[in-house]
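Worksheet for the structure shown next.
Numbering (my numbering), first residue to last: 13 to 260.
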C-alpha cells in the first residue's frame, strides 16, 4: 500500500528548464523523479504545487509523491534524495501526509517574490538572482502602482500564452508588499493563483512606470483592458522566487 510523502523543496533554477518534466530531462521534476527511481527501483510521479519557469528559483516549493514502499522514516528520505540530487536542488523538509492532500489541488495561496537591484554596480553574488536595473527608479511611484494590482481582477493583459487557453484569467491578489534594503527592491505577491508569466509581466510594467517610460494611468488602463497578452514586457526570470505555498 502506497504512502504519500509531502516535500518542501528549494532550488536555484538557473541551470534548469523550469519545473515541469520535458524530453531532455533537465527539469526539477525530472531530477526528483530520477532520484526516487534510484532509491525505490520504480518509476514514481512527483506532483508539484505549481510550475515555475526556466530560470525561476524556489525557497519552498511544495510537492508530493506516492511511494510504493513507505517504510523509510521521512527524515531518511531527506538524506537519500539530497545525496542523489544536483547541489542546486535540495529537499528541506518532508513528512507523510493523508492521501487527501494534493500539492497542487489543496493549495490555497502562493507567495512570489521579485528582486530588483537598482544600484549602478551589481555585486557578483547577486548575479543570477536579481534583475539588475542600473538606472534610478521612482520607488514611491512603484509602490503606488503596485497597490493597484491588489484585489480580484481579470489579469488577461498580464498573462503570456502557454499554448492552450486558460479556463479563467481572473485571479485574486491579496497583497503586494514593496520594500527596499539598500539597492535591493523586493516585491512580494500573495495570491490565490498566478497565470503564466503573470508576476514577471506585472513587474515589467511596474519598472517601466518607475523609469518614466510609461504613466501610472497606462498601467491601470492595461489592468482594466483585459486584452489577452497585451503587456509584452516581462521582467527576467532570474529575479523571481517562489517563497511559499499555503494550505488550510
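Ideal Cβ placement from N, Cα and C applies to all residues, glycine included. All of these numbers come straight from a predicted model, not from anything done at the bench.
| task | Could you check what DSSP says for residue 73 in three-state terms: helix, strand or coil? | result | strand
| query | How do the segment 21 to 31 and the segment 58 to 66 stand: do at least 3 beta-carbon pairs fall below 8 Å, yes or no? | reply | A contact exists between the segment 21 to 31 and the segment 58 to 66.
| task | Rank 117, 113, 188 and 53 by C-alpha distance to the C-alpha of residue 162 and give the top, closest one. | result | 188
| Chain-order list of residues whose beta-carbon lies under 6 Å from that of residue 134 (same chain, five-residue window excluded) | 144
| query | For residue 211, does the three-state DSSP call read helix, strand or coil? | reply | Helix at residue 211.
| field | 8 Å Cβ shell around residue 183 - same chain, five flanking residues per side excluded | value | 164, 165, 167, 203, 204, 205, 206, 207 and 210
| What's the call for residue 24, buried or exposed, on a 16-neighbour Cβ count within 10 Å? | buried
| field | residue 236 to residue 170 span [Cα, whole Å] | value | About 11 Å.
| According to the neighbour-count rule (16 or more other Cβ atoms, all chains shown, within 10 Å of its Cβ), is residue 250 buried or exposed? | Its Cβ being crowded by 16 or more others within 10 Å, residue 250 is buried.
| query | Roughly how many angstroms lie between the CA atoms of residue 50 and residue 44, to the nearest whole one? | reply | 10 Å
| task | Go ahead and label residue 75 buried or exposed: buried means 16 or more other beta carbons lie within 10 angstroms of its beta carbon, across all protein chains shown. | result | Looking at its Cβ environment, which holds 16 or more other Cβ atoms inside 10 Å, residue 75 is buried.
| request: Please name the residue, chosen from 175, 216 and 111, that lies closest to residue 14 on a Cα-to-Cα basis. | output: 111
| Taking just the CA atoms, how far does residue 198 sit from residue 248? | Here the alpha carbon of residue 248 sits roughly 14 Å from the alpha carbon of residue 198.
| For residue 167, does the three-state DSSP call read helix, strand or coil? | In the structure shown, residue 167 sits in coil (DSSP, three-state: anything other than H, G, I, E or B).
| Quick one: what does DSSP say residue 143 is sitting in, helix, strand or coil? | strand
| request: Below 6 Å CB to CB, which residues in the same chain sit around residue 160 once its five sequence neighbours on both sides are set aside? | output: Correct list, in chain order: 232.
| request: Starting from the C-beta of residue 97, find all residues in its chain whose C-beta is less than 8 Å away, skip the five residues before and the five after it, and write them out in chain order. | output: 43, 44, 47 and 103
| Going straight from the alpha carbon of residue 56 to that of residue 148, what length do you get? | 49 Å
| request: With distances taken Cα to Cα, identify the nearest neighbour of residue 101 among 26, 54 and 215. | output: 26
| request: Using three-state DSSP, classify residue 51 as helix, strand or coil. | output: helix
| task | Return helix, strand or coil for residue 191, following the three-state DSSP convention. | result | strand
| field | With 16 other Cβ atoms within 10 Å as the buried cut-off, status of residue 137 | value | exposed
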